[in-house]
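Student: Supplied in structure tokens, the structure appears directly below.
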Amino acid sequence: MAPQSGVAMPPGGLLVANACAQTVLRRCPGASISFIERYKFYNEARNSFAVVQTLERRPYGNCILVKGVIGPDGQDLKPS
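If you're matching positions, the sequence shown starts at 69 in this note's numbering and goes up one per residue.
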């Protein structure tokens with residue numbers, strides 16, 4: 069999550085966002101990571117399949133993971 073438009077992310081938020089991104093990339097090299105504005109994040113979260121609560125209490129410690137299926141060739145299987 070990123071702050072709303074026109075507001076800079078605080079240094080603590082950058083630390084959390086970068087730690088989250090590094091964790092995802094360590095497990096899923098080449099994953100696409102983007103930060104979305106706060107209110108857009110809330111709208112996306114409302115439509116999520118599941119919510120997982122962790123012990124992360126720092127601001128900007130929220131993330132949305134998009135599930136997918138990987139084929140035997142390592143490529144995404146996307147419906148046509």
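The beta carbon of each residue, even a glycine, is placed where N, CA and C say it ideally should be. What you are looking at is a predicted structure, and each value in this text was computed from that prediction instead of being measured.
Once the 5 residues before and after Ser116 are set aside, which same chain residues still bring their CB inside 7 Å of it?
Tutor: For Ser116, where only same-chain residues beyond five positions count, the Cβ hits under 7 Å are Ile132.
Student: Would you list the residues sitting across from Ile138 in a DSSP beta bridge?
Tutor: DSSP output for Ile138 lists Asp144 as bridge partner(s).
Student: Name the two residues that bound the continuous alpha helix (DSSP H) containing Asn111.
Tutor: Its alpha helix (DSSP H) spans residues Arg106 to Arg114.
Student: Can you tell me whether Ala118 is helix, strand or coil according to DSSP?
Tutor: Reduced to three states, the DSSP call for Ala118 is coil.
Student: Is it a yes or a no for the segment 77-94 touching the segment 104-120, going by three-plus beta-carbon pairs under 8 Å?
Tutor: Contact fails: fewer than three Cβ-Cβ distances are below 8 Å.
Student: Taking 6 Å as the limit between beta carbons, can you name the residues of its chain near Gly129, skipping five residues before and five after?
Tutor: Result list for Gly129: Val84, in chain order.
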